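Novice:
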Amino acid sequence: MINKVLAPSHTGVCISKCCSSLTEFHNQFCMPGMFSHHSHICSNPRPPTPPPCIKGSITALSPCHSPALLTSMGALLWTLCLCLTLSLCFGDHSHPDVTHESSHEKDHKGHPEVPDRCTGVEFDAITLDNKGTMFFFKDSDVYHYDLLTKAVKKRDWPDVGNCTSALRWLERYYCFHGVNFYRFHPVTGQSNFSEPLDIRDYFMKCPGRGHGNHSRKALMDPCSNFPFDEFTSDDDGKIYAFRQNFFLRVDSKRDGWHAWPITHNWKELKGTPDAVFSWDHKMYFIQGDQIYIYKSEQHYSLVEGYPKSLESELGIKGPVDAAFNCPNAGVVHLIKGNTMLDVALLQTPRIVVKTWHLPFPHVDGAMCGPDGIKVFIGTKYHKYESVMLMAMSRIQPIDHNIATELMGCPPKDPHKGHHA
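Counted the way the working numbering counts, the sequence shown spans residues 55 to 474.
1) Could you please give me the residues that DSSP links to Phe-189 through a beta bridge?
2) Considering just the uninterrupted stretch of the alpha helix (DSSP H) at Leu-368, what are its terminal residues?
3) When you compare each of Pro-415, Tyr-435, Pro-451 and Asn-299 to Asn-319 by their alpha carbons, which one comes out closest?
4) Out of Val-206, Leu-388 and Pro-413, which one is the CA nearest neighbour of Ile-405?
5) Determine the DSSP secondary structure at His-318, reduced to helix, strand or coil.
6) Quick check on Ile-452: does DSSP put it in helix, strand or coil?
7) Against chain D, with Cβ distances strictly below 8 Å, would Trp-410 count as a contact?
8) Assuming Asn-234 and Pro-212 make a contact with CB atoms under 8 Å, what is their CB distance in whole Å?
9) Could you please give the first and the last residue of the uninterrupted alpha helix (DSSP H) stretch that includes Met-446?
10) By Cβ distance, which residues of its chain are closer than 6 Å to Gly-423, with the 5 residues on each side in sequence left out?
11) What does the alpha-carbon distance come out to for the pair Cys-135 and Thr-181?
12) Drop a sphere of 10 angstroms on the beta-carbon of Arg-297, count the other beta-carbons inside from all chains shown, and report buried for 16 or more, exposed for fewer.
13) Give the secondary structure of Met-274 by DSSP, where H, G and I count as helix, E and B as strand, and everything else as coil.
14) Roughly how many angstroms separate the alpha carbons of Asn-455 and Tyr-435, rounded to a whole number?
15) Let me know if Arg-448 comes out buried or exposed under the rule of 16 or more other beta-carbons within 10 Å of its beta-carbon.
16) At which residues does the beta strand (DSSP E) containing Cys-422 begin and terminate?
17) Closer than 8 Å by C-beta to Ser-363: which residues in its own chain qualify, once you throw out the five before and the five after it? Chain order, please.
18) If you count every other CB in all the chains shown that lies within 10 Å of the CB of Glu-439, and 16 or more means buried, which is it?
19) Closest to Gln-341 by CA distance: which of Ile-427, Tyr-360, Met-274 and Trp-223 is it?
20) Among Met-444, Ile-427, Gly-232 and His-411, which one has its Cα closest to the Cα of Asn-216?
21) Can you give me the C-alpha to C-alpha distance between Tyr-199 and Phe-257, rounded to a whole angstrom?
22) Got a sec? Which residues, its chain only, sit under 6 Å from Gly-372 by beta carbon, not counting five neighbours each side?
23) For the beta strand (DSSP E) containing Trp-223, name the first residue and the last one.
24) Below 6 Å CB to CB, which residues in the same chain sit around Phe-378 once its five sequence neighbours on both sides are set aside?
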């Protein structure tokens, strides 16, 4: 299932051929019967003799066990195939008047520290980040290649050495070795795990395997109808939903929703945040009387000196039930019970500039975006066009279902589970 990436000049053509059809991809790559139910992948996760054309980390985890996953990975496979086809040898091999010898010689003059990429040398794995940098793995060495500047940097990453495949998924980077994997930081190469984990416990459903009990799975399942504690969106349009110690990306349906422990992204946070909002490329987490501020970069990093007291940062005492701010407004709205406090973020010190009394006694969360304000209460949410309408309206708002309308879950059958 997890194989190497070849680097000769014909590899691009090979990958293009294999990715021209997902059906062909499945037929070439998967073992007979692997596509149905749990099949053989749980007990024999690697084809005995993979075809020579299928030697790529474009499938770091095999989609063969799930038709739904195969479909959802289509865009990922296409993107990786395209990038690898164009850039695998760090050169242009598409013009017939450019010989392999001259291109190869020119490339070595520019980057003598890079292994010979186009004479049959195999890399162990290849993946790319979201900023146009490709990672080429060979033993414990990693070569960073910038597609824009064509700059190459060599890294020594012992934590993730000997990857047989690598993958970026939902802004997380994984090194696979057989059926084991590590998650690693794309800048430092440090692993988040002290011991390797088994892909059959995390990336696929195998009988008798898994990494959580039923209550944990219900918390991680966006369709379980457990209420969410908070929603927020950042400056890049990423929408996060928080539920106890977990979070998921609401805007990542195309990649397959997956809940993660909060500490995966914000490692200093312990427990459930009371309120979350984003402003000026930072995310603010409120827990009790404390506030944490994280820089919203490629990976979230805690601003030095935090956490601090909520009163010293925003001029109010905790706890709060929810928080939100609308784009380009410079005001954060903090909700406590049926009271909403507006704090001006551009003032120093920050103070409450307006107080509202809301038409509902309690909210779980709130979020503001281009389509207005959403107020979350239990398994439902209400929509408002503005802060004033939200605070002043006395008309019973229309109930919207979080699971079906935001998470794309199928409607619950009211008769399911009842027997005559």
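Note that the Cβ used here is the ideal one computed from N, Cα and C, for glycine as well.
In this text the structure is predicted, and so the values were computed from the model without any measurement.
Specialist: In short:
1) For the purposes of this step, residue 189 is identified with residue 135 of the sequence shown, where counting begins at 1. According to DSSP, which records beta bridges pairwise, Phe-189 is partnered with Thr-181 and His-198.
2) Here residue 368 refers to the residue found at position 314 of the sequence shown. Here the alpha helix (DSSP H) through Leu-368 covers 364 to 368.
3) Counting from 1 along the sequence shown, the entry for residue 319 is found at position 265. Ranking the options by Cα distance to Asn-319, first place goes to Asn-299.
4) Residue 405 sits at position 351 when you count from the first residue of the sequence shown. For Ile-405, the nearest C-alpha among the options comes from Leu-388.
5) The residue you call residue 318 lines up with position 264 of the sequence shown. In this structure, His-318 counts as helix in the three-state DSSP scheme.
6) For the purposes of this step, residue 452 is taken as the residue at position 398 of the sequence shown. Looking at Ile-452 - three-state DSSP - the assignment turns out to be coil, as it is neither helix nor strand.
7) The chain inventory of the structure shown lacks chain D, comprising one protein chain alone.
8) As a working mapping, residue 234 is identified with position 180 in the sequence shown. As a working mapping, residue 212 is identified with position 158 in the sequence shown. No, Asn-234 and Pro-212 are not in contact; Cβ-Cβ is about 16 Å, not under 8 Å.
9) Locating residue 446 in the sequence shown gives position 392, where the first residue counts as 1. From DSSP, the alpha helix (DSSP H) with Met-446 extends over 441 to 446.
10) Counting from one through the sequence shown, the residue named residue 423 turns up at place 369. Excluding positions up to five away in sequence, the list reads Ser-287.
11) The residue given as residue 135 occupies position 81 in the sequence shown. The residue given as residue 181 occupies position 127 in the sequence shown. Annotation note: pLDDT 40 at Cys-135 (below 50); position unreliable, coordinate value reported separately. In a straight line, the C-alpha of Cys-135 is about 11 Å away from that of Thr-181.
12) If you number the sequence shown from 1, residue 297 lands on position 243. The residue is buried, with at least 16 neighbouring Cβ atoms inside 10 Å.
13) Position 220 of the sequence shown, counted from the start, is the residue given in the question as residue 274. Met-274 falls in the helix class under three-state DSSP.
14) Sequence index remark: in the sequence shown, residue 455 carries index 401 (1-based). Sequence index remark: in the sequence shown, residue 435 carries index 381 (1-based). About 6 Å.
15) Along the sequence shown, one-based indexing puts residue 448 at 394. Its Cβ having fewer than 16 others within 10 Å, Arg-448 is exposed.
16) On the sequence shown, position 368 is the one that residue 422 refers to. First-last of the beta strand (DSSP E) with Cys-422: 419 to 423.
17) As a position in the sequence shown, residue 363 is number 309, starting the count at 1. Counting only Cβ-Cβ distances below 8 Å, and skipping sequence neighbours, we find Asp-343, Gln-344 and Ile-345.
18) Position 385 of the sequence shown, counted from the start, is the residue given in the question as residue 439. So Glu-439 counts as exposed.
19) Here the question's residue 341 lines up with position 287 in the sequence shown. For Gln-341, the nearest C-alpha among the options comes from Tyr-360.
20) Here residue 216 refers to the residue found at position 162 of the sequence shown. That would be Gly-232, whose Cα lies nearest to the Cα of Asn-216.
21) Numbered from its first residue, the sequence shown carries residue 199 at position 145. Numbered from its first residue, the sequence shown carries residue 257 at position 203. Whole-angstrom Cα-Cα distance: 28 Å.
22) Along the sequence shown, one-based indexing puts residue 372 at 318. Gly-342, Asp-343 and Leu-364.
23) One-based indexing of the sequence shown puts residue 223 at position 169. Looking at the DSSP string, the run of the beta strand (DSSP E) that includes Trp-223 is 219 to 223.
24) Locating residue 378 in the sequence shown gives position 324, where the first residue counts as 1. Result list for Phe-378: Phe-331, His-387, Ala-420, Met-421 and Cys-422, in chain order.
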